[in-house]
Every structure is written in structure tokens, then in C-alpha cells.
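Asker:
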Amino acid sequence: MQKELPSTALALKRQDALGLAEYFADRIIKGAEHMSAESDLHTGPNSGVAPEIYEIFLFGSTADTNVRDVHDVDLMVIDNTYYSRHFEPPRGFESWYEHLSGNLAALLSRLGYQEQEGRKLCNFHVDLHVLPLSVLLDKDFRFAMGSRHKDPQFFKNCFSVIMRFDQASRSFVRVTIEELERKYNTDLTDLR
86 MQKELPSTAL ALKRQDALGL AEYFADRIIK GAEHMSAESD LHTGPNSGVA
136 PEIYEIFLFG STADTNVRDV HDVDLMVIDN TYYSRHFEPP RGFESWYEHL
186 SGNLAALLSR LGYQEQEGRK LCNFHVDLHV LPLSVLLDKD FRFAMGSRHK
236 DPQFFKNCFS VIMRFDQASR SFVRVTIEEL ERKYNTDLTD LR
């Protein structure tokens, strides 16, 4: 069933933005599954690496149940570097931030969706961060990224109100730092 997407607006009701985020996450997961099934692991820059997405997180105002209206959707895709290496932020995060909203269309295009479909889907402001699993596993990696970020507390702020995309229910659900620590056998105390 094709989901009805809201037209461009300055703000959306949080529930509508949540539905939009779930739609995008579902498209990303389905596209990655298709890419994984179709991938040629022997050629190209990702030679030997099958695409795998570990998590899609929703953070910011759309993840905050106390917010009524939102002005953007903030998503974070965590992968095995297959996609994230193409979205690595350059030195000086300022230019990276200017292009975050284009990341969704770029990722959808990379996943095999038509370019015009990607543009059509991006009619509401969506910031998409595509990062490797190291962001969860390596405190030094988080620190290095945070030190180059205009907000040094970026990751701590992201993970203060966060939801993860549950593939079984195709919806975003609450997740705690402790649950992520257990799932990935890692220490995320710096995010508390």
C-alpha cells in the first residue's frame, strides 16, 4: 500500500512526522535487502562487502513524545560501512550539514529507487546521518567525530531521546542506552 506523504510544510504534527520517518526507514531497509540479494561482492569500491544495515535511529523532536509539532525528521542509519563510506563527513562539518537533507535522496538512489522518487519523498526536511557501526562500538570514534562537529555533544544529545526502527513491526520503538549496550556488547556511558 502506497503511503500518502504530506506536502511540504513548515511544520508537521509529530505523529505525521513519525509516520513519514517510518515510511523512509522501511524504504531504506527494503532497498538494502534488495541490494544485498543483488550485490556483486567481487567488483567496485565495496568489493567483498555485502550491504548490511544494523540500525535506523530516529532522534530529535520527532522522537520526543513531549513535542507536538516538528520542523524536521532526524534519522541515523548504522551500517557495516557499505553505505556510510559514501557519506563520510568531510573535514569541517559545516559543508556536511549543508548537504544532510540531500542524503536521503542520495541513499534512496543508491538503493535503486528512481531519482525523481527520491526527490518526491524528500518534500519535508529530513536530515539523514549514515554512519558505520563504529559509532556504537568505539568511544574514540565518537569522540573524534564529536570534536569535529559544530555541537561537541551531538551524540549525547542524539541518544538522549532516541527510537530504533523495529523491522518486525515496521515502526519506531523506544530504545535505551542500556539495551544498545547489551545488544552490541559495548560501553556507551559517554552517551548518558
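Start counting the sequence shown at 86; every next residue gets the next number (the working numbering). Quick reminder that beta carbons are idealized off the backbone N, C-alpha and C, glycines included.
Rounded to whole angstroms, what is the Cα-Cα separation between Q87 and Y168?
Answerer: Working through the sequence shown from its first residue, we reach residue 87 at position 2. Working through the sequence shown from its first residue, we reach residue 168 at position 83. The predicted model places Q87 with a pLDDT of 47, which falls under 50 and marks its position as unreliable; any figure quoted below should be read in that light. If you take the alpha carbons of Q87 and Y168, they lie about 26 Å apart.
Asker: Give me, in chain order, the residues of the same chain whose beta-carbon lies closer than 7 Å to that of I102; leave out the 5 immediate sequence neighbours on both sides.
Answerer: Position 17 of the sequence shown, counted from the first residue, corresponds to residue 102. One detail in the question is off: residue 102 reads as Ala in this sequence, not Ile. Once the five neighbours on either side are set aside, the close Cβ partners of A102 are T147, V155, V158.
Asker: With L189 and V220 assumed to form a contact (beta carbons below 8 Å), what rounded beta-carbon distance in angstroms separates them?
Answerer: As a first step, residue 189 must be located in the sequence shown, where it is residue number 104. As a first step, residue 220 must be located in the sequence shown, where it is residue number 135. No, L189 and V220 are not in contact; Cβ-Cβ is about 18 Å, not under 8 Å.
Asker: Which residue from T271, N151, K98, I163 puts its Cα closest to that of D225?
Answerer: For the purposes of this step, residue 225 is taken as residue 140 along the sequence shown, with counting starting at 1. Comparing Cα-Cα distances from D225 to each of T271, N151, K98, I163, the minimum goes to T271.
Asker: In angstroms, rounded to a whole number, what distance separates the CA positions of T348 and R99?
Answerer: Only positions 86 to 277 of the chain appear in the structure, and residue 348 is not among them; the question remains open.
Asker: For E137, write down the residues that DSSP places opposite it in a beta bridge.
Answerer: Position 52 of the sequence shown, counting from 1, holds the residue named residue 137. Its beta-bridge partners do not exist; DSSP assigns none.
Asker: For D149, name the three-state secondary structure that DSSP assigns.
Answerer: Numbered from 1 along the sequence shown, position 64 holds the residue referred to as residue 149. In the structure shown, D149 sits in coil (DSSP, three-state: anything other than H, G, I, E or B).
Asker: Going by beta carbon distance, what residues of the same chain come within less than 7 Å of R71, once the five residues before and after it are set aside?
Answerer: In the structure as shown, the chain starts at 86 and stops at 277, and residue 71 therefore has no counterpart that could be examined.
Asker: Nearest by alpha-carbon distance to C243: which of I138, D164, D275, P136 is it?
Answerer: Start at 1 with the first residue of the sequence shown, and residue 243 comes out as number 158. Nearest of I138, D164, D275, P136 to C243, Cα basis: D275.
Asker: Contact defined as beta carbons within less than 8 Å: I believe V215 pairs with D164. What is the distance between those atoms, to the nearest angstrom?
Answerer: Here residue 215 refers to the residue found at position 130 when the sequence shown is read from its first residue. Here residue 164 refers to the residue found at position 79 when the sequence shown is read from its first residue. Rounded, the Cβ-Cβ distance is 7 Å, consistent with contact.
Asker: Report the rounded CA-to-CA distance for I138 versus I114, giving the unit in angstroms.
Answerer: Mapped onto the sequence shown, residue 138 falls at position 53. Mapped onto the sequence shown, residue 114 falls at position 29. Rounded to whole angstroms, I138 to I114 spans 7 Å at the Cα level.
Asker: Buried or exposed for R267, please, with buried defined as at least 16 other CB atoms from any protein chain shown within 10 angstroms of its CB.
Answerer: As a position in the sequence shown, residue 267 is number 182, starting the count at 1. It counts as exposed.
Asker: Kindly indicate which residue of V162, M230, H234, F257 has the alpha-carbon position closest to the one of L192.
Answerer: As a working mapping, residue 192 is identified with position 107 in the sequence shown. The shortest C-alpha separation from L192 is found at V162.
Asker: If I follow the unbroken alpha helix (DSSP H) through S169, where does it start and stop?
Answerer: Walking along the sequence shown from the start, residue 169 turns up at place 84. S169 -> no alpha helix (DSSP H), and no H or E assigned at all.
Asker: Could you name the residues of the same chain whose beta carbon sits closer than 8 Å to that of I141, not counting the 5 residues immediately before and after it, in chain order?
Answerer: Your numbering for residue 141 matches position 56 in the sequence shown. These residues qualify, in order along the chain: A110, I113, I114, L160, M161, V162, I163, R249, F250.
Asker: According to DSSP, is V246 part of a helix, a strand, or is it coil?
Answerer: By one-based count along the sequence shown, residue 246 stands at place 161. Coil.
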